[in-house]
Amino acid sequence: MNMRTYDILLKKRNGKKLTEEEIEFMVNGFVKGDIPDYQMSAFLMAIFFRHLDNEERFYLTKSMLNSGDKVDLSMIEGMKIDKHSTGGVGDKTTLVFAPIIASFGFPVAKMSGRSLGHTGGTIDKLESIPGFRTSLELDEFIGNVKKYNIAIVSQTANLAPADKKIYALRDVTATVDEISLISSSIMSKKLAVSSDLLLLDVKFGSGAFMKKYDDAKVLAEAMVDIAKKFKRNAVAILTSMEQPLGRMVGNSLEVLEAIETLKGNGPDDFTRLCVYLGACALSFVGVGDIEENIDSIKKKISSGEVLKKFEDLVIAQGGDPKVIENPKRILPISKDVYEVKSKVSGYVEKIDAEKIGIASMLLGAGRMKKDDKIDHSVGIELLKKIGDEVKEGDPLVRVYFSSRSDLKSAVELVEKAYSFSDKHISVPSLIGELVY
Ligand code: URA
379 MNMRTYDILL KKRNGKKLTE EEIEFMVNGF VKGDIPDYQM SAFLMAIFFR HLDNEERFYL
439 TKSMLNSGDK VDLSMIEGMK IDKHSTGGVG DKTTLVFAPI IASFGFPVAK MSGRSLGHTG
499 GTIDKLESIP GFRTSLELDE FIGNVKKYNI AIVSQTANLA PADKKIYALR DVTATVDEIS
559 LISSSIMSKK LAVSSDLLLL DVKFGSGAFM KKYDDAKVLA EAMVDIAKKF KRNAVAILTS
619 MEQPLGRMVG NSLEVLEAIE TLKGNGPDDF TRLCVYLGAC ALSFVGVGDI EENIDSIKKK
679 ISSGEVLKKF EDLVIAQGGD PKVIENPKRI LPISKDVYEV KSKVSGYVEK IDAEKIGIAS
739 MLLGAGRMKK DDKIDHSVGI ELLKKIGDEV KEGDPLVRVY FSSRSDLKSA VELVEKAYSF
799 SDKHISVPSL IGELVY
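Numbering (our numbering), first residue to last: 379 to 814.
Printed below as a string of structure tokens:
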């Protein structure tokens with residue numbers, strides 16, 4: 379029987395379950411250009427209000443995944459570990475997580491994204507390192523992983539092209555933040571790469587897609603369920619984006635902070651998160667339990683083995699190795715600094731991570747639109763975090779700006795991001811449940 383787009387729209391609009399063929403028909407038809415934007419927009423809006431069940435999500439993921447290339451890592455020996463974060467502010471975790479995993483002898487063949495909107499992207503961060511190449515041919519990518527257990531490259535253009543086209547439409551039709559659409563979008567790209575374990579860092583809080591913990595948990599469950607239906611191993615960890623992670627936001631600044639962390643001098647929250655994610659990943663590929671792994675990761679950081687893996691990565695991908703010893707000299711970090719001072723005395727109660735992310739974007743560290751150019755030298759250093767005591771006139775934040783920055787708007791946003799209390803504030807917990 380011939381399918382009609384109208385009937386499928388009507389069926390989902392009325393809250394009925396779609397078949398695999400119907401979902402495939404919509405995705406393939408849209409990619410081929412047979413289904414116009416207005417019908418696909420209606421389809422996405424119907425999903426937004428009526429949702430998809432687990433099976434429909436699997437079919438949607440499958441159709442999008444099958445629209446593009448698959449990256450076969452089977453020629454790399456060992457259990458390949460991949461990681462994905464649902465997006466955050468100051469989230470430079472991959473720069474530390476990947477070397478941790480590689481230092482334990484597990485290969486990390488990571489394809490990462492660029493920044494968009496208020497969230498950063500690993501590829502832009504790595505490109506702050508002079509000479510660092512993020513577009514490698516597949517042969518070189520695989521070769522580096524075989525040799526050093528680590529390579530991080532930008533996503534090839536042809537991973538799940540259907541998702542790319544659908545995401546662009548979601549972005550302009552207010553249909554991004556729906557759990558079925560987010561989970562299938564992320565998983566269509568991650569499952570296209572044949573890793574043996576996918577660790578999903580699912581963020582909740584003011585800087586995350588999912589502001590509420592319970593919604594983030596549903597998203598985590600949806601993604602893990604999709605992986606299971608593909609017979610792939612995934613574990614999700616709920617982690618807080620209630621305030622930016624670490625103290626640095628912006629490309630060069632985040633690389634600087636990551637290198638400090640690899641040397642054992644990182645901020646407490648960021649270090650804890652990287653170590654915990656590493657410990658979970660190792661335990662899910664059969665190495666020790668989480669507590670034991672936390673100890674052994676800390677030892678490897680102290681011994682310099684983790685930093686050595688980062689150095690291997692930098693050298694193998696053409697970056698200036700002097701960045702390891704002297705990151706402040708090698709990384710482009712703006713010398714133009716403006717300090718935002720506290721207008722009150724008290725304790726920091728909240729730091730709206732999304733506002734800090736947008737402020738960083740206004741400085742030039744991120745992109746409003748996909749093709750915007752970014753400035754690696756600008757960003758924000760948080761001198762005070764939730765729970766810290768402040769006196770009126772104390773510096774809260776250092777803003778690194780350039781002539782292209784919208785400094786005034788960025789500073790206004792930073793000021794709005796902070797709120798204070800007269801009473802002691804306890805630091806919100808960073809790490810939530812595991813979902814697997
Ligand atoms: N990241 C994605 O890749 N897709 C989404 O839908 C949301 C975040």
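In this text, a Cβ means the ideal position worked out from N, Cα and C, and glycines have one as well. For clarity, every value in this text was computed on a predicted model and none was experimentally measured.
Pick from the options that is closest to residue i, judged by C-alpha positions
i	options	result
Gly521	Lys686, Ser797, Phe648, Pro485	Pro485
Thr439	Val756, Gly624, Ile544	Ile544
Val449	Ile736, Ala487, Glu433, Gly666	Ala487
Ser804	Lys763, Ile386, Ala788	Lys763
Glu434	Asp592, Ala600, Asp593, Ser445	Ala600
Gly498	Lys394, Ser723, Val627, Phe510	Val627
Ser797	Val768, Leu785, Met619, Thr397	Val768
Phe427	Lys590, Gly393, Gly456	Gly393
Ser680	Ser481, Thr512, Leu597, Ile708	Ser481
Ala605	Leu443, Ala788, Asn527	Leu443
Ile711	Val653, Leu691, Leu634, Tyr725	Leu634
Tyr384	Lys395, Lys721, Thr397, Met404	Met404
Ser566	Val474, Ser441, Tyr725	Ser441
Val792	Lys728, Lys747, Phe688	Lys728
Tyr725	Lys700, Asp766, His754	Asp766
Lys609	Lys595, Asp592, Leu576	Leu576
Tyr416	Gln533, Lys700, Val550	Val550
Glu398	Ser452, Pro699, Asn432	Asn432
Ile672	Ile479, Arg391, Tyr437, Leu396	Ile479
Three-state secondary structure (DSSP) of residue i
i	result
Asp450	coil
Pro477	helix
Pro414	coil
Gly724	strand
Phe484	coil
Ala540	helix
Tyr796	strand
Glu505	coil
Ala570	coil
Val805	coil
Pro773	strand
Ala612	strand
Val627	strand
Ile693	helix
Gly810	strand
Lys390	helix
Leu785	helix
Asp730	coil
Glu433	helix
Ser561	helix
Gly407	helix
Gly583	coil
Lys763	coil
Glu620	coil
Glu670	helix
Ser441	helix
Ser490	strand
Ile752	coil
Asp517	helix
Met381	coil
Met457	coil
Lys719	strand
Contact belief for residue i with residue j at Cβ below 8 Å, rounded distance in angstroms
i	j	result
Leu504	Ile530	6 Å
Val554	Ala731	In fact, because the Cβ distance is near 18 Å, the residues do not count as touching under 8 Å.
Leu537	Gly465	Leu537 to Gly465, Cβ: 17 Å. No contact.
Ala614	Val665	About 19 Å separates the two Cβ atoms, so there is no contact after all.
Pro508	Gly697	7 Å
Asn629	Asp541	Wrong, their Cβ atoms sit about 25 Å apart, outside the cutoff.
Ser799	Glu770	About 15 Å; that fails the 8 Å criterion.
Phe510	Gln695	5 Å
Val653	Lys676	6 Å
Glu402	Ile386	Not confirmed; about 11 Å, so no contact.
Leu813	Lys595	First, the residue type needs correcting, since residue 813 is Val and not Leu in the sequence shown. Rounded, the Cβ-Cβ distance is 7 Å, consistent with contact.
Ser513	Ser532	6 Å
Ser720	Asp647	Actually they are not in contact, since the Cβ atoms of Ser720 and Asp647 sit about 21 Å apart, beyond 8 Å.
Ile454	Leu691	Not really, about 15 Å apart at Cβ, beyond 8 Å.
Leu808	Arg650	6 Å
Would the stretch 557-573 and the stretch 493-513 be scored as touching if the rule is three or more Cβ pairs under 8 Å?
The stretch 557-573 makes no contact with the stretch 493-513, as fewer than three CB pairs between them are under 8 Å.
Below 8 Å, can you find three or more Cβ-Cβ pairs linking the stretch 516-534 to the stretch 715-726?
no
The stretch 561-578 touching the stretch 453-461, judged by at least three CB pairs closer than 8 Å
Yes: at least three Cβ pairs fall under 8 Å.
Are the stretch 656-675 and the stretch 632-641 touching by the rule of at least three beta carbon pairs closer than 8 Å?
no
Is the stretch 752-759 in contact with the stretch 676-687, if contact means three or more CB pairs nearer than 8 Å?
Verdict: no, contact absent.
Is there contact between the stretch 778-786 and the stretch 731-741, where contact requires at least three CB pairs shorter than 8 Å?
Under the 8 Å Cβ criterion, the stretch 778-786 counts as touching the stretch 731-741, having at least three qualifying pairs.
Segment contact, 8 Å Cβ cut-off, at least three pairs: the stretch 609-624 with the stretch 584-601
Segments in contact, yes.
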